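S.K.: Numbering (my numbering), first residue to last: 6 to 210.
Here it is as structure tokens:
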């Protein structure tokens, strides 16, 4: 299991993501990653989330550790800003109103259980989910379940729907479910202080 990032490294991750977004939106150029710890040279999965006024404005990332953390952050940040198909590209005049969040992922692990037992294996507030079935795949970060008050069954169903599958696809043969964990760092306001965000189990789940 990869080591957790320190708070200082988490701050650097969010600052790098913001720099990547701002440089690309303003200049159509990629930022250079400089003066970072060795952790940023390790291959890690990562997602960059943009929020505006508390609403999602873009979220794209690398589910698997196929690129160095620094490269994955830069690419994910740019893609979240201008290539998320759910949103129009971020404009220059929006940059001052966008909060940035970086989630560094652990490698996904196959959820091995009978379909009806899978909800018992999913820990809300700890696990994110990936679903695969044929050409379909979908991912939801750990914080999605707590932010929306989902229980384990709903989280499984929503992940399937994210992939374009039926909500109960996780119960069917041929569907693969994976769990992963995420270390989350986020700004308290656009360009503001960065802190590590702890997801906690929803009290109503």
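No residue lacks a Cβ here, since even glycine has one placed at the ideal position from N, Cα and C. Owing to the predicted nature of the structure, the values given are computational and were not obtained by experimental measurement.
Kindly identify the DSSP beta-bridge partner or partners of residue 45.
M.R.: Here residue 45 refers to the residue found at position 40 when the chain shown is read from its first residue. For residue 45, which the question treats as bridged, DSSP gives no partner whatsoever.
S.K.: Beta strand (DSSP E) containing residue 134: first to last residue?
M.R.: Taking the first residue of the chain shown as 1, we reach residue 134 at position 129. Where residue 134 is concerned, the enclosing beta strand (DSSP E) stretches over 132-138.
S.K.: Determine the direct distance from the alpha carbon of residue 55 to that of residue 61, and round the result to whole angstroms.
M.R.: Reading the chain shown from its first residue, position 56 is the one you call residue 61. Reading the chain shown from its first residue, position 50 is the one you call residue 55. Cα to Cα, residue 61 sits roughly 6 Å from residue 55.
S.K.: What's the gap between the Cα of residue 35 and the Cα of residue 91?
M.R.: Numbered from 1 along the chain shown, position 30 holds the residue referred to as residue 35. Numbered from 1 along the chain shown, position 86 holds the residue referred to as residue 91. Answer to the nearest angstrom: the Cα atoms are 22 Å apart.
S.K.: Determine the closest residue to residue 102 out of 124, 26 and 180, with distance taken between C-alpha atoms.
M.R.: In the chain shown, residue 102 corresponds to position 97, counting from 1. If we check each option's Cα against that of residue 102, 26 comes out closest.
S.K.: For residue 167, tell me which candidate among 44, 32 and 143 has the shortest Cα-Cα distance.
M.R.: For the purposes of this step, residue 167 is identified with residue 162 of the chain shown, where counting begins at 1. Ranking 44, 32 and 143 by Cα distance to residue 167 puts 143 first.
S.K.: Sort 137, 189 and 53 by Cα distance to residue 12 and report the nearest one.
M.R.: The residue given as residue 12 occupies position 7 in the chain shown. Closest option to residue 12, Cα to Cα, is 189.
S.K.: Whether or not the region 115-129 and the region 75-91 are in contact is what I'm after, with contact meaning three or more pairs of Cβ atoms, one per stretch, closer than 8 Å; do they touch?
M.R.: With the cut-off at 8 Å, the region 75-91 and the region 115-129 do not touch.
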